[in-house]
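A short worksheet on the structure shown next.
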Amino acid sequence: MLFIAGLMGVFGVAAAAAASHGTDPRLLGGASAMCLAHAPALVALHAGWSHFRTATIAALLLALGTALFAADLTMRHFTGHGLFPMSAPLGGVTMIAGWLAVALGALLPRKAD
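Residues -16 to -1, 1 to 97 (mature numbering (1 follows the signal peptide of the UniProt record, and there is no 0)) make up the sequence shown, in order.
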């Protein structure tokens, strides 16, 4: 998961740079923001992996949701059409589910050492 977090960070910075030099920064700026917001969350989930009961599902949902959302916005910016119909909303709902998994994990007892 650290590898995915690293790739998200790379893409987030690259998209921010591209957005700052383009004519319309909104789509790439949104993709950048989602990647740069969720990459540190994946790092934190990795750090607590052995003790946090929902870390695996939360990380998978956050990574998948962010990838869908950011890929859709990036495709819209460069090609004028999205990844597939409803991919950004699906990515958003998947990220929300990931954050709910984080919240649930805070309420569950820790994994045994």
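In this text, a Cβ means the ideal position worked out from N, Cα and C, and glycines have one as well.
Handout entry: Rounded straight-line distance, which links the Cα of Thr58 to that of Ala28
Key = If you take the alpha carbons of Ala28 and Thr58, they lie about 26 Å apart.
Problem - Start and end residues, alpha helix (DSSP H) containing Thr38 - result: Thr38 -> no alpha helix (DSSP H), and no H or E assigned at all.
Exercise for the section: Assuming Leu46 and Met70 form a contact by the criterion Cβ under 8 Å, report the distance between their Cβ atoms to the nearest whole angstrom. Expected result: For a cut-off of 8 Å, the C-beta gap from Leu46 to Met70 is around 19 Å, too long to register as a contact.
Exercise for the section: On a CA-only basis, which of Gly64, Arg94, Ala72, Thr50 is nearest Ile(-13)? Give me that one, please. Expected result: Ile(-13) has its Cα closest to that of Thr50, out of Gly64, Arg94, Ala72, Thr50.
Exercise for the section: Report the rounded CA-to-CA distance for Met(-9) versus Ala42, giving the unit in angstroms. Expected result: Distance between the alpha carbons of Met(-9) and Ala42 is about 16 Å.
Problem - Alpha carbon of Ala17 to alpha carbon of Gly32, nearest angstrom - result: Ala17 and Gly32: Cα-Cα distance of roughly 24 Å.
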